[in-house]
Every structure is written in structure tokens, then in C-alpha cells.
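Notes to accompany the following structure.
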């Protein structure tokens, strides 16, 4: 995997990291550039996922910057749905095993039914959560692109496309502990590479765009954990 500092111009001007908004020539489908295309969902999904995960620099360098919101967004939703289904199955299995180990037969059946209901709800609601996460993350990152990279960026759609294909790591988030942790870290790497390539900027600026939101979320999470911890400690002290 490459991690060069700064993008290089594409001599053809057809979507490299030279700062243009490069779209593909007329008549060339998204799948021709190893991107997802709903007209060939299985083949292009596998191809896009393989390209993003194993050759991210080449993938984002050759990715179109504009012209199609639908296919990248659908790709992100499919990745998230796979995570929801497989992760839900894992949760359902563990929940069912836990329910069968305690209580009466009726309580066990109720526990299994509750776990199954949660699984169905998670699968049904997954596309809505995916779309919300995608839009929020792309919006925040593009605001930072404007502030850090400047007005010469490739536009919001380019940022949205990067964010969409960075969802490729979600396919493995269902693996307990390791999958979500490794997927989260590698997703950050993919986002940095993607922002750098499509907006023709440096690795440092791209890293700032990606890491600032992560840092803010981590700080807020730590503050929330500290507040909850202090509240629990206070309650325990009062009971002593």
C-alpha cells in the first residue's frame, strides 16, 4: 500500500489527483473504473471492494470526481447492510444462547424472541443509519476540506464518493472486537488516501481533514465517560 505525500497529476485529465473534477469520458460506465455499478451489482461490488482495500491509492486516483451520487451511496449502504446482517446474526446467536441458560421456558422463549426482533429491526433500519452517517461524515469532512485544502478542491461529491467507498471496511466490522477495531483504523487510512488523491492535496492536510472529527468524537466520548463515571461514583458514595 502506498502512502505518498501529495497527489500527482493525471496526464489524461480524466480523474487523477491533479486537482480537476475529472469525470469519465461519455459512455464509460462506473464499473469500467472498478467502481460500483448497480447494473452489475455483484461483480462491481466485489471489484470495488477489492480495489479499495488492496489498492486504495490507485482506486481513488482513478475514481471519477463527479457525475453520479447514486452508485457510491448504494455501495456504502450495501456495505453497512452486510455489517448489520452478519453482526446481527452474531448478536442473535450470543443472545439466544444467553437466554437459553436462565429462567423458565417462557422466559427463555421471550428472550429469543426479543433478540430476533432486535435483529430484524437492525437489518431494516441499517440503510437509514448508513445514509445518515454517510451524509454527516461527508458534510463535516468537506467543510474541513474547504477550510484546510482551500477553494481549489474537487467539490462535495468527490468527498462523498471517498466517504462512500471508505465504507468498504464495514464489511468486516461484524467480526467481534478485531474486525471493528481494524476496520475503524484502516477506514481512517482509506479516508486520508481518498481525500488526498481526489482533492490533490498533501497527506498532512488530508490527515487533518480526517483526524479532526475523530479527535473531537474521542474527546466528547471521554468527557461523557468521565461524567457518567463521576455520577456512578457519587451514587455509590451516598449508599455507603
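Residue numbers (the UniProt record's numbering): 1 to 240.
Think of the CB as a built atom: it goes at the ideal place given N, C-alpha and C, for glycine as much as any other residue.
- The beta carbons of residue 48 and residue 75 sit about 6 Å from each other, so the pair counts as a contact at 8 Å.
- Counting C-beta atoms within 10 angstroms of its own C-beta, residue 215 has fewer than 16 neighbours from the protein chains shown and is therefore classed as exposed.
- Bounds of the alpha helix (DSSP H) holding residue 239 are 203-239.
- Just measuring C-alpha positions, the residue of 228, 213, 237 sitting nearest residue 136 is 213.
- By the neighbour-count criterion, in which a residue is buried when 16 or more other Cβ atoms sit within 10 angstroms of its Cβ, residue 61 is buried.
- Proximity of the segment 188-205 to the segment 115-130 falls short of the contact definition, fewer than three beta-carbon pairs being nearer than 8 Å.
- Contact check for residue 164 and residue 134: beta-carbon distance about 6 Å, within the 8 Å limit, so the pair qualifies.
- Between the C-alpha atoms of residue 220 and residue 208 there is a straight-line separation of about 18 Å.
- Residue burial annotation: residue 115 is buried, with at least 16 other C-beta atoms found within 10 angstroms of its C-beta.
- Spatial neighbours of residue 141 in its own chain (CB-CB distance under 6 Å, excluding positions within 5 residues in sequence) are listed in chain order as 159, 209.
- When Cβ pairs closer than 8 Å are counted between the two stretches, the segment 164-173 is seen to touch the segment 51-59, the count reaching three or more.
- Residue 65 is classed as buried because its beta carbon has at least 16 other beta carbons within 10 Å across all chains shown.
- For residue 67, the secondary structure class from DSSP, reduced to helix, strand or coil, is coil.
- For residue 160, the enclosing alpha helix (DSSP H) begins and ends at 156-166.
- Residue 94 counts as exposed, since fewer than 16 other beta carbons sit within 10 angstroms of its beta carbon.
- Closest by C-alpha distance to residue 157, out of 69, 82, 201, 178, is 69.
- Here DSSP, grouped into helix, strand and coil, assigns residue 152 to coil.
- Under the three-state reduction of DSSP output, residue 94 falls in the helix class.
- Taking 9 Å as the cut-off, the Cβ atoms of residue 119 and residue 89 count as close.
- If you compare the alpha carbons of 237, 197, 239 with that of residue 161, the shortest gap goes to 197.
- Taking the Cα positions, residue 45 is about 32 Å away from residue 218.
- Inter-residue distance for residue 228 and residue 238 is about 15 Å (C-alpha atoms, whole angstroms).
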